[in-house]
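Engineer:
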Amino acid sequence: MIPLLYVSYALICFGLAFQFLGSIALHRFPDVYTRMHGTTMCTTFGSIFIILGIAFYGLLQSDTALFLHPLVALVFLLLTNPTGTHAIARAARFSGIKPKHAITDSLAGGKK
Amino acid sequence: MTVFMLAVVFLVLLMFLCILRMVLGPTVPDRLVALDTTNTLAVSVLIVMGALFKQSIFVDVAIVYAILSFVGTMYFAKYLEAKK
Amino acid sequence: MLFVLLALFSFIVYLVLTAGSGSIGYWSASELLVGVFFAVVAGFVSRAFFSKQKIELSTAFLNPVRWIYFFVYLVYFFFAMAKANFDVAFRVITGKIRPGIVRIKPGLKTTLGTVMLANSITLTPGTLSVEIEGKDLHVHCLNLKSKKPELKEVCGNFSQWIRRITE
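Protein sequences appear in the order of chains S, H and L.
So that you can map any letter, position 104 of the first sequence is 104 in the numbering used here, and since no number is skipped, the others follow by simple counting.
So that you can map any letter, position 72 of the second sequence is 184 in the numbering used here, and since no number is skipped, the others follow by simple counting.
So that you can map any letter, position 7 of the third sequence is 203 in the numbering used here, and since no number is skipped, the others follow by simple counting.
1. Should H:A194 be labelled buried (16 or more other beta-carbon atoms within 10 Å of its own) or exposed?
2. Measuring only between beta-carbons, confirm whether S:H101 sits less than 9 Å from chain H.
3. When you compare the CB positions of S:D31 and S:P99, do they come within less than 9 Å of one another, or not?
4. Compute the distance between the beta-carbons of L:P321 and S:Y33, then report whether it is under 9 Å.
5. If we cut at 9 Å on Cβ distances, does S:R90 have a partner in chain H?
6. Looking at the secondary structure, which residues open and close the alpha helix (DSSP H) in which H:C130 lies?
7. Does any residue of chain S bring its CB to less than 9 Å from the CB of L:T307?
8. Using the Cα positions of L:T307 and H:T114, report the straight-line distance between them to the nearest angstrom.
9. Quick one, are the C-beta atoms of L:I317 and L:L340 less than 9 Å apart?
10. Is there at least one Cβ from chain H nearer than 9 Å to S:P3's Cβ?
11. Exposed or buried, S:P3, counting other C-beta atoms within 10 Å across all chains shown (16 or more means buried)?
12. Give me the chain H residues within the contact set of S:P70, using Cβ-Cβ distance strictly less than 7 Å, ordered along the chain.
13. Would you say L:I293 and S:F29 are within 9 Å of each other, going by their C-beta atoms?
14. Could you give the first and the last residue of the continuous beta strand (DSSP E) run that contains L:E329?
15. Run the CB neighbour count on S:G58, radius 10 Å, all protein chains shown included, and call it buried at 16 or more, exposed below.
16. Which stretch, first to last residue, makes up the beta strand (DSSP E) that contains S:C42?
17. Identify the continuous alpha helix (DSSP H) that holds S:D105 and give its terminal residues.
18. Are three or more beta carbon pairs between the segment 14–30 of chain S and the segment 264–274 of chain L nearer than 8 Å?
19. For the alpha helix (DSSP H) that contains L:L369, what are its first and last residues?
20. Would the segment 344–358 of chain L and the segment 62–76 of chain S be scored as touching if the rule is three or more Cβ pairs under 8 Å?
21. Reducing DSSP to helix, strand and coil, say where L:L333 ends up.
22. Is it the case that the Cβ atoms of H:L144 and H:L192 are separated by a distance below 9 Å?
23. Grouping DSSP H, G and I as helix and E and B as strand, with all else coil, what is L:G373?
24. I need the boundaries of the alpha helix (DSSP H) containing L:Y222, first residue and last residue.
25. Using a Cβ distance threshold of 8 Å, determine whether the segment 9–23 of chain S contacts the segment 165–176 of chain H, with at least three qualifying pairs required.
26. Would you check if the distance between the CB atom of S:Y15 and the CB atom of S:L74 is smaller than 9 Å?
27. Taking 8 Å as the limit between beta carbons, can you name the residues of its chain near H:M117, skipping five residues before and five after?
28. Under a three-way DSSP split, which group does S:I48 fall into?
29. Given a threshold of 16 other Cβ atoms within 10 Å of its Cβ, counted over all protein chains shown, does L:E329 qualify as buried or as exposed?
30. Compare the C-beta of S:A108 with all C-beta atoms of chain H and state if any pair is closer than 9 Å.
31. Throw me the rounded Cβ distance for the H:V160 and H:A119 pair, which I believe falls under 8 Å.
32. Take S:C42 and list the residues in its own chain whose beta-carbon comes closer than 6 Å to its own, dropping the five residues that flank it on each side.
33. Express the C-alpha separation of S:S62 and L:Y222 in angstroms, rounding to a whole number.
34. May I ask you to report which of helix, strand or coil DSSP gives S:D31?
35. Please list the terminal residues of the continuous alpha helix (DSSP H) segment that includes S:A89.
And the structure:
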């Protein structure tokens, strides 16, 4: 029982490391588009591993609600978050913010 | 148990890091991206708290929070795009 | 038809959220009754909204081969995402980036396929879909090798898998 509990802790720590890197990316990258990659990393790997860790912990405690509900939360998070990120990127590009240090920009001519 | 407690504390510190970007951010989309990251971290905090207190009601709150934060982000983005 | 689908979906979500409450299967009798009632109400209320969007219902999703492909795609996607995650983590630490927005032509026919591809691209760290123009996508990449990259460099084999699932 005890070693399995450490698997859950290890999953959570792995997720925390990726959440940390995603938050650091917000400060380390130069403009809004590159910062979004950090957010995506935070959402995907950070949340996935933390939620899997908690779901595994719920399985070990034989707590059905604590096993199923995090997985439902994960599905909703993974369905809604890319749409939100895409909406922010589109809004930023059409409100006239140029990507910094970009080597190429296919939207530079202006689509609208 | 202490691992969950430390995880919650660490995630809250990361939320402060994101809020710092929200305060500093030179443009409005920068602040919006920081808000989105803060929302994701808040969902994680609520789920870890569900395991910490052994109360799955925290996880239900996290589900609703994920959906509502998505609606909020979409509205901000729409507003920003229409304003130009 | 739309009403039945929506009510069924709401009922399934309700069943997942209340599992482990009683003795009939995993559920108690009162939970099942309340679940049927609220599923019917939710289906009836949201039907008006969905019929306003002019969504055409197709029977293609009943084909089990597509579902098998979909689950295989999820596994493939997870490994592609893991690779991209470690790559972006490395770039956060070292700060070596060559960003840019490029236009790719995946050549998918259905709107569902385009939406799936755009979501997969955004969910993979390092690539981010900015705009959909017709059936083409404008993708912001964190690390570009050239100014006109191939489709495979940007999104791997995602478009081929999605073509197998949706067409």
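Virtual Cβ for every residue (Gly too), placed ideally from N, Cα, C.
Since the model is a prediction, treat every value here as computed from it, not as a measurement.
Structural biologist: Reading from the atomic positions:
1. Taking the first residue of the second sequence as position 1, residue 194 of chain H is located at position 82. Exposed.
2. Taking the first residue of the first sequence as 1, we reach residue 101 of chain S at position 101. Closer than 9 Å: no.
3. Taking the first sequence and counting its residues from 1, one reaches residue 31 of chain S at position 31. Taking the first sequence and counting its residues from 1, one reaches residue 99 of chain S at position 99. When the beta-carbon positions are compared, S:D31 and S:P99 come within less than 9 Å of each other.
4. On the third sequence, residue 321 of chain L is found 125 positions in, with the first residue counted as 1. On the first sequence, residue 33 of chain S is found 33 positions in, with the first residue counted as 1. No, these two residues do not count as a Cβ contact at 9 Å.
5. As a first step, residue 90 of chain S is located in the first sequence; it is residue number 90 there, counting from the start. True, the Cβ-Cβ gap to chain H drops below 9 Å.
6. Residue 130 of chain H sits at position 18 when you count from the first residue of the second sequence. Taken as a continuous stretch (DSSP letters only), the alpha helix (DSSP H) holding H:C130 covers 114–136.
7. For this step, residue 307 of chain L is matched to residue 111 along the third sequence. Interface residue (Cβ-Cβ distance to chain S less than 9 Å): L:T307 is not classified as such.
8. Along the third sequence, read from residue 1 onward, the residue named residue 307 of chain L stands at position 111. Along the second sequence, read from residue 1 onward, the residue named residue 114 of chain H stands at position 2. Linking L:T307 to H:T114 through their CA atoms gives a straight-line distance of about 48 Å.
9. Start at 1 with the first residue of the third sequence, and residue 317 of chain L comes out as number 121. Start at 1 with the first residue of the third sequence, and residue 340 of chain L comes out as number 144. Not a contact, by the Cβ cut-off of 9 Å.
10. Translated into positions along the first sequence, residue 3 of chain S becomes position 3. Not an interface residue.
11. As a position in the first sequence, residue 3 of chain S is number 3, starting the count at 1. Counting every other CB atom within 10 Å of its CB across the protein chains shown gives S:P3 a total below 16, marking it as exposed.
12. Position 70 of the first sequence holds residue 70 of chain S. At a C-beta separation below 7 Å, S:P70 has these neighbours in chain H: I159, V171.
13. Taking the third sequence and counting its residues from 1, the one referred to as residue 293 of chain L is at position 97. Taking the first sequence and counting its residues from 1, the one referred to as residue 29 of chain S is at position 29. Cβ atoms of L:I293 and S:F29: closer than 9 Å.
14. Within the third sequence, the letter at position 133 stands for residue 329 of chain L. Taken as a continuous stretch (DSSP letters only), the beta strand (DSSP E) holding L:E329 covers 323–329.
15. By one-based count along the first sequence, residue 58 of chain S stands at place 58. Label assigned to S:G58: buried.
16. Mapped onto the first sequence, residue 42 of chain S falls at position 42. Here S:C42 belongs to no beta strand (DSSP E), and DSSP marks it neither H nor E.
17. For the purposes of this step, residue 105 of chain S is taken as the residue at position 105 of the first sequence. Here S:D105 belongs to no alpha helix (DSSP H), and DSSP marks it neither H nor E.
18. With fewer than three CB-CB distances shorter than 8 Å, the segment 14–30 of chain S does not count as touching the segment 264–274 of chain L.
19. Since the displayed chain L opens at 197 and closes at 363, residue 369 of chain L lies outside it and no answer follows.
20. The segment 344–358 of chain L is not in contact with the segment 62–76 of chain S.
21. As a working note, residue 333 of chain L is residue 137 in the third sequence. Strand at L:L333.
22. Sequence index remark: in the second sequence, residue 144 of chain H carries index 32 (1-based). Sequence index remark: in the second sequence, residue 192 of chain H carries index 80 (1-based). Closer than 9 Å, so yes.
23. Only positions 197 to 363 of chain L appear in the structure, and residue 373 of chain L is not among them; the question remains open.
24. Locating residue 222 of chain L in the third sequence gives position 26, where the first residue counts as 1. Annotation: L:Y222 is outside any alpha helix (DSSP H) and is labelled neither H nor E by DSSP.
25. Because the criterion of three Cβ pairs below 8 Å is not met, the segment 9–23 of chain S and the segment 165–176 of chain H do not touch.
26. Counted from its first residue, the first sequence places residue 15 of chain S at position 15. Counted from its first residue, the first sequence places residue 74 of chain S at position 74. A small correction: the amino acid at residue 15 of chain S is Gly; Tyr does not occupy that position in the sequence shown. Result no, Cβ atoms of S:G15 and S:L74 do not sit closer than 9 Å.
27. As a position in the second sequence, residue 117 of chain H is number 5, starting the count at 1. Excluding residues within five positions, the ones whose Cβ falls inside 8 Å are L164.
28. The count along the first sequence starts at 1 and reaches residue 48 of chain S at position 48. Correct three-state label for S:I48: helix.
29. Taking the first residue of the third sequence as position 1, residue 329 of chain L is located at position 133. With fewer than 16 other Cβ atoms inside 10 Å of its own Cβ, L:E329 counts as exposed.
30. Your numbering for residue 108 of chain S matches position 108 in the first sequence. Among the CB atoms of chain H, none fall inside 9 Å of the CB of S:A108.
31. As a working mapping, residue 160 of chain H is identified with position 48 in the second sequence. As a working mapping, residue 119 of chain H is identified with position 7 in the second sequence. In this structure, H:V160 and H:A119 form a Cβ contact; the two beta carbons are roughly 5 Å apart against a cut-off of 8 Å.
32. Here the question's residue 42 of chain S lines up with position 42 in the first sequence. Only Q19, G22 meet the Cβ criterion.
33. The sequence position of residue 222 of chain L within the third sequence is 26, counting from 1. The sequence position of residue 62 of chain S within the first sequence is 62, counting from 1. Going by the C-alpha atoms only, they are around 13 Å apart.
34. Along the first sequence, read from residue 1 onward, the residue named residue 31 of chain S stands at position 31. Three-state DSSP puts S:D31 in coil, outside helix and strand.
35. As a working note, residue 89 of chain S is residue 89 in the first sequence. Counting along the chain, S:A89 sits inside the alpha helix (DSSP H) bounded by residues 64–94.
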